[in-house]
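Per the numbering used here, the very first residue in the sequence shown carries number 6; after that it's consecutive. Just so it is clear, CB atoms sit at the ideal spot from N, CA and C, and this is done for glycine as well.
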Amino acid sequence: MPRISDADRARNEEAIRTAMDRLLRGELPPGGKCDLKTLAAEAGVTRTSFYPKKNRDGTTRPGPYQHLGEEFERRLKAQLDAGKIPDPRTAQIDRLKAQVTDLKERVAKRDEALAELTAFKTLAVSRLTAQHEEIERLREQAAAVGNVRRLPAAGSGTALNDSRS
6 MPRISDADRA RNEEAIRTAM DRLLRGELPP GGKCDLKTLA AEAGVTRTSF YPKKNRDGTT
66 RPGPYQHLGE EFERRLKAQL DAGKIPDPRT AQIDRLKAQV TDLKERVAKR DEALAELTAF
126 KTLAVSRLTA QHEEIERLRE QAAAVGNVRR LPAAGSGTAL NDSRS
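Written as structure tokens, this is what we have:
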């Protein structure tokens, strides 16, 4: 594999730094993320140049732009720790996750309230049924004795204590 000249290396490093600044400002290309893959594509270098290499004897050596990849990761982490998210999709994912959590809590509370209301309705219907049965039993008992007289209905036009008579 041919070695690159110092001028090409300097030009590539400058392109990487420029792309790094753009990505960390949130200027992402369509379909890109704030990651090393997009950084490499934007700078026009291979992604593997950000990772360590193996020598023929099995030892490792740093990749040609590994120091810039590590700088990018450090700066990205510092921004994330400061609460600034350069990737709008990541911010949207975080916002949607929080919204989903909130909605799950609201649904759980509504389910609990619905269960309470259903139990209350069942209890109320049971009590109304018991009261109706008691009223029917008392009416039958009163009819059987025969000494209870029914009062006229309120809509019949007669009043018990009407002073106009």
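> So S131 is in the alpha helix (DSSP H); what residue range does that whole segment cover?
Replying inline: P93 to V150
> How big is the Cα-Cα spacing for D40 and A118?
Replying inline: 45 Å
> Got a sec? Which residues, its chain only, sit under 8 Å from A96 by beta carbon, not counting five neighbours each side?
Replying inline: I90
> Under the three-state reduction of DSSP, which class applies to T5: helix, strand or coil?
Replying inline: As shown, the chain starts at 6 and ends at 170. That puts residue 5 outside it, with no answer to give.
> I think D92 touches K38, with their Cβ atoms under 8 Å apart; what is that distance to the nearest whole Å?
Replying inline: 6 Å
> Within 10 angstroms of its Cβ, does I98 collect 16 or more other Cβ (buried), or is it exposed?
Replying inline: exposed
> Do T65 and P57 have their CB atoms nearer than 9 Å?
Replying inline: yes
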